[in-house]
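Residue numbers (the working numbering): -6 to 158. C-beta atoms are modelled at their ideal positions from N, C-alpha and C, and glycine is treated no differently. For clarity, every value in this text was computed on a predicted model and none was experimentally measured. Here the structure comes first, spelled out in structure tokens, and everything after it is commentary.
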Amino acid sequence: MKTLVVFYSFSGNTRQMATVMAEAIGADLLELKPAHEVPPKGLKRYVWASKACLMKDRPALSPLDRDPRDYDLVLVGTPVWAWTYAPPLRSFLQAQPLGGKAVALFCCHGGNPGKVFAKMRDALPGSRILGESDFREPLKHAPEECAGRAREWAAAMLKAATPPA
Ligand SMILES: Cc1cc2nc3c(=O)[nH]c(=O)nc-3n(C[C@H](O)[C@H](O)[C@H](O)COP(=O)(O)O)c2cc1C
-6 MKTLVVFYSF SGNTRQMATV MAEAIGADLL ELKPAHEVPP KGLKRYVWAS
44 KACLMKDRPA LSPLDRDPRD YDLVLVGTPV WAWTYAPPLR SFLQAQPLGG
94 KAVALFCCHG GNPGKVFAKM RDALPGSRIL GESDFREPLK HAPEECAGRA
144 REWAAAMLKA ATPPA
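See the structure below:
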């Protein structure tokens, strides 16, 4: 079973969970990086990000160094921005539909994930969604507990995706 963990991370939380998961199950990692964006700092960042989410922006991404079509199971991770997934993930999902694949969803948030998983599911028609997991700012709160949970969840997703022998 070839497994990919694809994620966007702005301040490192989702990257940390993605890395822990990939190590735990021997998956490849693919980090989504906007090609040109320089987000504003401070409060302006929230206004900019909220507008980008509301307008359903799809920023251009740097070239991907993995091809999602090569994988059977894809774990998809995002920070929550304005109660939804971050715009670089929208770019990825529109360009690389994961229809027909087993997919598992995870997010990092500050305490109010809103409807992020429902929205991710809507963006993944035709995928077999195996499960969801959320983490509250793991770099700040209980990093070891979150890492343990991430490992266990990734292993459970791999097991769920593996056909019986
Ligand atoms: C622009 C912006 C918008 C955010 N919106 C939300 C939100 O709606 N709900 C929430 O719980 N956290 C929100 N957060 C907090 C992040 O989801 C949280 O810090 C997350 O762990 C960041 O992940 P990252 O470090 O991988 O970027 C927001 C953060 C930013 C920068």
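Can you tell me where the alpha helix (DSSP H) holding residue i begins and where it ends?
i           : result
leucine 47  : 36 to 47
valine 69   : Segment 66 to 74 is the beta strand (DSSP E) holding valine 69; no alpha helix (DSSP H) there.
leucine 82  : 80 to 88
alanine 111 : 109 to 115
I'd like to confirm something about residue i: is its beta-carbon nearer than 7 Å to some heavy atom of ligand 1, or not?
i                 : result
phenylalanine 110 : no
proline 72        : yes
tyrosine 39       : yes
cysteine 139      : no
glycine 104       : yes
arginine 8        : yes
aspartate 5       : For clarity, residue 5 is glycine in the given sequence; the question names aspartate instead. Result yes, Cβ under 7 Å from ligand 1.
alanine 75        : yes
glutamate 130     : yes
alanine 143       : no
glycine 107       : yes
serine 126        : no
Is it buried or exposed, residue i, if we count other Cβ atoms within 10 angstroms and call 16 or more buried?
i             : result
methionine 48 : exposed
alanine 62    : In the sequence as displayed, the identity of residue 62 is arginine instead of alanine. By the 10 Å Cβ count, arginine 62 comes out exposed.
serine 84     : buried
leucine 23    : buried
serine 55     : exposed
asparagine 6  : buried
serine 4      : exposed
tyrosine 39   : exposed
glutamine 87  : exposed
leucine 82    : buried
arginine 29   : It should be pointed out that residue 29 corresponds to histidine in this sequence rather than to arginine. Classification for histidine 29: exposed.
proline 118   : exposed
Beta strand (DSSP E) containing residue i: first to last residue?
i            : result
arginine 151 : Rather than arginine, the amino acid found at residue 151 in this sequence is leucine. Looking at the DSSP string, leucine 151 is not in any beta strand (DSSP E); the run it does join, the alpha helix (DSSP H), is 136 to 154.
aspartate 60 : Segment: none, aspartate 60 is in no beta strand (DSSP E) and carries neither H nor E.
valine -1    : -4 to 0
What are the residues that DSSP puts in a beta bridge with residue i?
i              : result
aspartate 127  : Cys100
isoleucine 122 : Val96
aspartate 21   : Leu(-3)
leucine 169    : No information on residue 169 is available, as it lies outside the stretch -6 to 158 that the chain covers here.
leucine 165    : Shown here, the chain extends from -6 to 158; a query on residue 165 therefore has no answer.
threonine 77   : Trp74
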